[in-house]
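Peer 1: As given, the protein sequences belong to chains A and B, one line each in that order.
Counting in this note's numbering, the first sequence runs from 189 upward without gaps.
Counting in this note's numbering, the second sequence runs from 55 upward without gaps.
Dumping the structure here so I can ask a few things about it.
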Amino acid sequence: MSKRVLITDDAAFMREMLREILTDGGYEIVAEAADGDEALTQFREHRPDVVTLDIVMPGKSGLEVLSEMVAIDPGACVVMCSALGQEALVMEALEAGAKEYIIKPFKPDQVLGALNEAMQKSSEA
Amino acid sequence: MDLEKYRRLFVDEATDHLVEMSRALALLGEDTAAEARADAIDTLFRMAHSIKGMAASLDYDAVSTLAHRLEDWLEPLRSGSALSEHGLPLLFESVRALEEMVGIVDESGTSPGPREDLIARLSQPVEQEMADEPGAARERGAAPVAPPPLPRWVRVRTKAIDRFLAGVGELVQRQSCLEALHRSAPFWEHQREFSDELDRMARVFRELRRNVLDIRVTPVRRVLERLPRIAGELAHQLGKKVRVELSGEEVEADRAVLDRLDDPLLHLVRNAVDHGIEPPEERERAGKDPVGRICLSASAAAGRLRVRVEEDGRGIDVEAVRRRAIERGMLLEEVAEDLTPERISEFIFEPGISTRDEVTEVSGRGVGLDAVKRTVEELGGTLTVHSEEGNGTAFEIEISSMAALQRVLLLEVGGERVALPVAPVEAVLAVEEGTVERAGGEAFFVWKDEPIPLLDLGERLLLPPPPPDRAGNVVVLEARGFRLGLRVDRAVSDLEVFVREVPPALSHIKPLGGVAVLPDGAPVFLLEIGQLVENFV
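Spelled out as structure tokens, the structure:
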């Protein structure tokens with residue numbers, strides 16, 4: 189059975205790109221969210237196998253959303269999406285429970301590799 | 055990867071982001087509360103960040119580098135550093151450069167070139183930029199503001215497309231009905247059905263036409279949104295303070311109308327900042343808020359769109375305008391005495407009347423209020439002004455919100471100019487009198503081995519007859535299923551005009567299909583070809 193993903197990014201551009209890469213990689217996209225609140229609603233409803241979460245978003249930041257997701261489900265498998273220059277934020281996210289991270293611009297291999305890795309870590313935990 | 059799809063998404067989202075950045079910049083240019091300023095900085099940062107990510111994905115290196123540098127430059131401001139007076143122009147320029155770059159991607163689909171100058175300046179930390187020579191920064195910031203053109207695409211409500219597609223579906227259905235009729239029996243046995251079917255088809259076409267116009271409807275936001283930033287930027291250059299308020303951005307109008315209003319509005323807003331709003335000291339002396347107020351408002355009623363640009367500045371100096379109009383010989387002194395201040399104010403729309411003696415950099419761009427008025431009138435609209443000395447000026451554009459843009463052929467005949475819809479025109483030929491054959495009262499000439507009946511347009515319009523041996527043009531066109539030649543003195547050019555309805559007083563004259571205003575300001579009648587050739591073919 190293909191793995192179920194929730195994509196979170198405020199840019200439709202990035203969501204579309206992830207959707208394409210992940211669909212080609214055999215994932216099922218259960219929902220897309222454009223901000224943190226929507227992501228949390230979708231997370232509660234779908235309980236996806238893995239979540240991609242943008243760090244910089246309007247409203248709730250990626251870090252806030254991450255900690256709420258972990259509070260809802262301590263085993264939540266979250267992959268942070270960031271850009272160059274946000275190493276500090278990424279470190280913080282990994283400490284707060286994110287399993288992996290991807291650096292924009294997205295490269296298909298890198299994205300699929302990170303998600304794979306993240307789910308592996310999740311199942312080991 | 056479908057590059058075109060991502061390019062569209064990029065242009066679409068980046069354009070939205072840039073609008074938000076413009077709003078944030080406008081806020082920063084005003085005396086805003088600290089909290090709102092922090093929000094504005096945050097917005098600028100996030101938008102730059104998002105543009106960077108998208109651009110990097112598409113390998114638009116110049117865009118992603120600039121956005122990245124901008125992001126870095128904003129970082130210290132996010133953590134509380136103050137934005138210097140000289141930092142603001144740099145932000146304005148950066149956002150404008152990004153706008154230009156996104157415009158290039160939109161127009162040509164190519165990757166824009168780098169802006170080394172801005173990158174270099176953004177690479178200096180905020181403090182250093184602050185320590186810059188104030189004069190130098192001002193000089194750089196004072197480059198003439200030339201915002202990139204509006205994107206040539208538009209977002210359409212899916213409902214409008216659905217309606218349009220439903221119309222097309224109905225058309226297909228009508229077509230199969232006609233075909234079935236045609237197959238079932240000879241035409242003459244079904245004349246009645248055929249004509250009913252044609253009536254239905256005509257109705258479907260009318261609806262389709264309306265639906266297509268609907269697709270072009272877009273909110274006025276399209277043209278209003280970036281004006282606050284442009285006003286803010288200009289005010290900053292001129293050492294003035296303005297606050298711009300928008301209202302009625304959701305009012306809708308034909309996209310073609312709005313796009314043509316872009317320039318006039320831009321000019322009116324610049325004019326408001328440059329000539330209307332006084333410097334802060336002067337405002338304070340006059341007991342006004344040092345921050346000038348510009349209100350941009352749109353409203354719509356009965357198919358008319360109204361856009362108002364209103365400021366609380368010094369108002370039009372009616373005496374100065376009166377003197378200038380007399381000096382320039384536009385007005386006799388005796389007459390000037392009797393005119394109301396409102397009537398005098400309207401002289402600012404005449405070429406060569408500048409309300410201020412010194413020509414500032416902004417107003418000295420060769421475009422005046424006369425050009426604004428002309429553009430608005432070309433669109434079939436009106437531009438009016440109300441001013442109160444000391445209290446401000448309001449300009450109002452009123453225009454049909456669904457203009458009919460039509461391509462016409464401009465003709466000269468009997469010393470008059472008339473226009474003809476270009477659609478039925480097949481060719482414009484030079485015809486010598488000698489090649490015209492006459493049979494009884496009728497004239498013909500041969501074109502592509504076919505005798506073409508000639509209709510003398512001047513005669514038809516009861517204009518004075520031309521000299522007997524004239525040479526001229528013949529416009530070959532198809533009307534009511536026949537080909538005929540329209541004899542004119544000269545076919546001048548073809549151009550796009552906004553066609554208005556014939557005024558009621560003239561509406562009984564059947565061959566008149568509408569009135570348009572030419573770029574030189576002269577009105578021209580549009581001929582209705584069907585009526586024109588009645589009794590001829």
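For glycine and all other residues, C-beta sits at the position ideal for the given N, C-alpha and C.
1) Would R169(B) pass as an interface residue toward chain A - the criterion being a Cβ-Cβ separation below 8 Å?
2) Along the chain, where does the alpha helix (DSSP H) that runs through D60(B) open and close?
3) Under 8 Å, with one C-beta from each stretch per pair, do the stretch 249-257 of chain B and the stretch 278-292 of chain B reach the 3-pair mark?
4) Tell me the DSSP bridge mates of Q460(B)?
5) Identify, in the order they occur along the chain, each residue of the same chain with its Cβ nearer than 7 Å to the Cβ of L540(B), setting aside the five sequence neighbours on each side.
6) Give me the residue from E364(B), G383(B), E247(B) and W242(B) with the minimum Cα distance to R228(B).
7) Following the continuous beta strand (DSSP E) through G568(B), name the residue where it begins and the one where it ends.
8) Looking at the structure shown, is F248(B) part of a helix, part of a strand, or coil, going by DSSP?
9) If we count Cβ pairs, one from each stretch, closer than 8 Å, do we get three or more for the stretch 423-438 of chain B versus the stretch 452-466 of chain B?
10) Closer than 8 Å, Cβ to any Cβ of chain B: which residues of the stretch 206-227 of chain A, in chain order?
11) Is the CB-CB distance between V446(B) and G367(B) below 8 Å?
12) Can you grab the Cα-Cα spacing for the pair G418(B) / D548(B), in whole Å?
13) What does DSSP give as the partner residue(s) for G446(B) in the beta ladder?
14) Taking the continuous alpha helix (DSSP H) assigned at A152(B), which residues delimit it?
15) Between A110(B) and chain A, is the shortest Cβ-Cβ distance under 8 Å, so that the two count as touching?
16) For S455(B), go through chain A and note every residue whose CB falls closer than 7 Å to its CB, in chain order.
17) Residues of chain A with CB under 8 Å from L63(B), in chain order?
18) Using a Cβ-Cβ cut-off of less than 8 Å, give me the residues of the stretch 281-301 of chain A that come near chain B, in sequence order.
19) Put E491(B) into one of helix, strand or coil per three-state DSSP.
20) Look at S230(B) and S301(B) and say whether their C-beta atoms are less than 8 Å apart.
21) How would you list, in chain order, the residues of chain B whose beta-carbon sits under 7 Å from the beta-carbon of V244(A)?
22) With three or more C-beta pairs closer than 8 Å as the rule, is the stretch 159-168 of chain B touching the stretch 71-79 of chain B?
23) Would you report the Cα separation of G469(B) and D503(B), rounded to the nearest angstrom?
24) Do we get a CB-CB distance below 8 Å when we pair Y114(B) with the residues of chain A?
25) Less than 8 Å separating the beta-carbons of V267(A) and A306(A)?
26) What residue range does the alpha helix (DSSP H) around S104(B) cover?
27) Locate the beta strand (DSSP E) running through F498(B), then write down its first and last residues.
28) Can you give the Cα-Cα distance for P296(A) and I209(A), rounded to whole angstroms?
29) Is there at least one Cβ from chain A nearer than 8 Å to G107(B)'s Cβ?
30) Determine the chain B residues that contact A271(A) at a beta-carbon separation under 9 Å, and present them in chain order.
31) Applying the 10 Å Cβ sphere with the 16-neighbour rule, what's the burial state of S249(B)?
32) According to DSSP, is C349(B) helix, strand or coil?
33) Candidates P507(B), R544(B) and V439(B): which alpha carbon is nearest P520(B)'s?
34) Distance check for D225(A) and E129(B), CA to CA, integer angstroms please.
35) Can you tell which of Y60(B), L81(B), L57(B) and A68(B) has the C-alpha that lies nearest to the C-alpha of V345(B)?
36) Could you check which residue in A68(B), V222(B) and R314(B) has the C-alpha nearest to that of E261(B)?
Peer 2: According to the data block:
1) no
2) Sequence check: residue 60(B) is Tyr here, not Asp. Here the alpha helix (DSSP H) through Y60(B) covers L57 to G83.
3) no
4) V551(B)
5) L509, L511, V528, V529 and L531
6) E247(B)
7) L566 to V571
8) helix
9) yes
10) E208
11) Val is not the amino acid found at residue 446(B); the sequence shown has Gly there. Yes; because the gap between Cβ atoms is below 8 Å, this pair is in contact.
12) Because G418(B) sits at a pLDDT of 40, beneath the cut-off of 50, its placement in the model cannot be relied upon, and the point is left open.
13) E442(B)
14) With the sequence shown as reference, residue 152(B) is identified as Leu, and Ala is not the correct amino acid for it. Its alpha helix (DSSP H) spans residues G141 to S162.
15) yes
16) Those do not exist, as S455(B) stays about 30 Å from chain A at its closest Cβ, beyond 7 Å.
17) A200, F201 and E204
18) K292, P293 and F294
19) strand
20) no
21) R100 and H103
22) no
23) 32 Å
24) no
25) yes
26) A88 to S111
27) E496 to W501
28) 6 Å
29) yes
30) H103, K106, G107, A110, H122 and E125
31) exposed
32) strand
33) R544(B)
34) 25 Å
35) L81(B)
36) V222(B)
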